[in-house]
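Engineer:
Numbering (this note's numbering), first residue to last: 1054 to 1462.
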């Protein structure tokens, strides 16, 4: 039978909108590889999970809509997102099929909440411990999901990494501070458990895209504060993983100054009521660029950051402009004396590097990231990730271009 986690005791909030906490349900989610158990059992698990997730998402969506009351701009963005997904649906279904049938994807839990789960992409047997990438997906803090990293997991695991894609609670289940808590908890789980799967706990790269980049950056800065005894940002008492376990950080299209970005997000359909609720009216406390500056001010001198850092951003990103990464890189270089590599990708949008281009059998972002990681990570590829995943476009090019034109991001 499946495991039953104890109900969490996290505090909720009163007022017009309260947080929703829930536990992992019994009998439908299991810690197992897709290669374990019978096909029938796996199908039953998948159907049960699909039903539970559908019911859960329906409830959360109704709560969210009742809270924000969609504006005209929000409805336009919503229908563009639906159209974008429909155009690319055949390619998405191909990835979904591989996600549920690949024998090298292991599903685990790192905490008691339904969304505190993760996928590990573990290929082949190794004589040496493998470096680990822990990737947090984006989704505007509302629609993020661990499976968004499936294609990346398939390619990076082929390149020789153990790829971990944790889920985290989205709004309205949690506010941003709770999401950062989830990132902290997932990283602590990885450090304590990844060696069971052949990973090297002292050779972990933290990676995030969009909202996932902001949350990952905040978790990294929390760890730096713990290491240096600073009070700029605080962690939960039970979180004590060491920053020295993280070798590198890769932020992709990240929003690092929420104070500046807020008006743009509002103009693109994310209402001010949602923004205020997400960050509890304290955007400056969750803006990595501003937090880094406060850390240096509190310390009095620049802090030494033991992490190799890469920030990548498309110059045609209209959702989260590339100056977010430019400013964050400057703050890191000045305040933390960090070694930051800034990769500005000419003409690329918010999602081009992770969706549209990979579907065209192109992945310049992955090429840049692998070259960056090779400067401090020794790796033996399992197979050529580009020949396996990118042998041909997943759809006709004109359909991918059409989807890119519709894409609200």
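All C-beta atoms, glycine included, are put in the ideal place defined by N, C-alpha and C.
#1: Considering just the uninterrupted stretch of the alpha helix (DSSP H) at residue 1310, what are its terminal residues?
#2: Whose C-beta lies closer than 6 Å to the C-beta of residue 1091 among residues of the same chain, with five residues either side of it excluded?
#3: Taking residue 1342 as the reference, give the member of 1411, 1318, 1284 and 1387 with the closest Cα.
#4: Can the beta-carbon of residue 1299 be found closer than 8 Å to that of residue 1257?
#5: Across the segment 1333-1352 and the segment 1194-1201, are there enough close Cβ pairs to call them in contact, namely three or more that are closer than 8 Å?
#6: So, is residue 1431 buried or exposed, given that buried needs 16 or more other C-beta atoms within 10 angstroms?
#7: Whole angstroms is fine: what's the gap from residue 1251's alpha carbon to residue 1187's?
#8: Thinking C-beta only, is residue 1415 closer than 8 Å to residue 1144?
#9: By the 10 Å Cβ neighbour count, where 16 or more other Cβ atoms means buried, how is residue 1267 classified, buried or exposed?
#10: Since residue 1252 is in the beta strand (DSSP E), which residue starts that stretch and which ends it?
#11: In three-state terms, what does DSSP make of residue 1451?
#12: Taking all protein chains shown into account, decide if residue 1287 is buried (16 or more other Cβ within 10 angstroms of its Cβ) or exposed.
#13: What are the start and end residues of the alpha helix (DSSP H) that includes residue 1152?
#14: Identify whether residue 1172 lies in helix, strand or coil by the three-state DSSP scheme.
#15: Among 1283, 1282, 1306 and 1277, whose alpha-carbon lies nearest the alpha-carbon of residue 1295?
#16: Is the Cβ-Cβ distance between residue 1346 and residue 1384 less than 8 Å?
#17: Between which two residues does the alpha helix (DSSP H) carrying residue 1328 extend?
#18: Have a look at residue 1072 and residue 1229 and give me their C-alpha separation to the nearest angstrom.
#19: Sort 1424, 1240 and 1356 by Cα distance to residue 1171 and report the nearest one.
#20: Using CA atoms only, rank isn't needed, just tell me which of 1329, 1330 and 1265 is closest to residue 1302.
#21: Let's see if you can read the secondary structure: which residues bound the beta strand (DSSP E) around residue 1216?
#22: Identify whether residue 1390 lies in helix, strand or coil by the three-state DSSP scheme.
#23: Mind checking whether residue 1378 and residue 1309 have CB atoms under 8 Å apart?
#24: Sorted by chain position, which residues of the same chain lie with C-beta nearer than 8 Å to residue 1381's C-beta, five sequence neighbours on each side aside?
#25: Compute every distance between the C-beta of residue 1168 and the non-hydrogen atoms of the ligand ZN, then say whether any falls below 7 Å.
#26: For residue 1349, is the classification buried or exposed, using 16 other Cβ atoms within 10 angstroms of its Cβ as the cut-off for buried?
#27: For a test of the three-state rule: what should DSSP assign to residue 1356, helix, strand or coil?
#28: Please classify residue 1160: does DSSP put it in a helix, a strand, or coil?
#29: What separation, rounded to the nearest whole angstrom, lies between the Cα atoms of residue 1129 and residue 1318?
#30: Can you tell me the Cα-Cα spacing of residue 1327 and residue 1285, whole angstroms?
#31: So is residue 1356 buried or exposed if we call it buried at 16+ other beta carbons inside 10 Å?
#32: Given a threshold of 16 other Cβ atoms within 10 Å of its Cβ, counted over all protein chains shown, does residue 1399 qualify as buried or as exposed?
#33: For residue 1301, does the three-state DSSP call read helix, strand or coil?
#34: Measuring alpha carbon to alpha carbon, tell me which residue in 1155, 1185 and 1232 is nearest residue 1194.
#35: Taking C-beta to C-beta, are residue 1404 and residue 1460 nearer than 8 Å?
#36: So what's residue 1137 in DSSP terms, helix, strand or just coil?
Structural biologist: This is what the structure holds:
#1: Going by DSSP, residue 1310 is part of no alpha helix (DSSP H) at all; its letter is neither H nor E.
#2: Confidence at residue 1091 is low in this model, with a pLDDT of 45, below 50, so the placement of that residue should be treated as unreliable; the coordinate-derived value is given next. None.
#3: Ranked by Cα distance from residue 1342, the first of 1411, 1318, 1284 and 1387 is 1387.
#4: With contacts defined as CB atoms closer than 8 Å, residue 1299 and residue 1257 qualify as a contacting pair.
#5: Fewer than three Cβ pairs drawn from the segment 1333-1352 and the segment 1194-1201 lie within less than 8 Å of each other, which leaves the two stretches out of contact.
#6: With fewer than 16 Cβ atoms within 10 Å of its Cβ, residue 1431 is classed as exposed.
#7: Going by the C-alpha atoms only, they are around 14 Å apart.
#8: Result no, Cβ atoms of residue 1144 and residue 1415 do not sit closer than 8 Å.
#9: By the neighbour-count rule (16 or more Cβ atoms within 10 Å), residue 1267 is buried.
#10: Residues 1252-1262.
#11: Residue 1451 carries a helical assignment under DSSP once its states are collapsed to helix, strand and coil.
#12: That one is exposed.
#13: Taken as a continuous stretch (DSSP letters only), the alpha helix (DSSP H) holding residue 1152 covers 1142-1154.
#14: If DSSP states are grouped into helix, strand and coil, residue 1172 belongs with the strands.
#15: Looking only at 1283, 1282, 1306 and 1277, the smallest Cα-Cα distance to residue 1295 is reached by 1277.
#16: Closer than 8 Å, so yes.
#17: Residue 1328 -> alpha helix (DSSP H) spans 1325-1331.
#18: Summary for residue 1072: the model assigns pLDDT 47, below 50, so the residue's position carries little reliability, and this model does not support an answer.
#19: The option with the nearest alpha carbon to residue 1171 is 1240.
#20: If we check each option's Cα against that of residue 1302, 1265 comes out closest.
#21: Element bounds for residue 1216: 1215-1219.
#22: Under the three-state reduction of DSSP output, residue 1390 falls in the coil class, being neither helix nor strand.
#23: Closer than 8 Å, so yes.
#24: So the qualifying residues of the chain are 1270, 1304, 1307, 1309, 1310, 1341, 1342, 1345 and 1364.
#25: Absent from the structure shown: the ligand ZN. Ligands present: none.
#26: With 16 or more Cβ atoms within 10 Å of its Cβ, residue 1349 is classed as buried.
#27: It is coil, neither helix nor strand.
#28: Per DSSP, reduced to three states, the secondary structure at residue 1160 is strand.
#29: In a straight line, the C-alpha of residue 1129 is about 14 Å away from that of residue 1318.
#30: Per the coordinates, the alpha-carbon of residue 1327 lies some 25 Å from the alpha-carbon of residue 1285.
#31: The residue is buried, with at least 16 neighbouring Cβ atoms inside 10 Å.
#32: Residue 1399 is exposed by the Cβ-count criterion.
#33: Residue state, collapsed to three classes: strand.
#34: Closest option to residue 1194, Cα to Cα, is 1232.
#35: Yes, the pair counts as a contact, with Cβ atoms nearer than the cut-off.
#36: It is helical.
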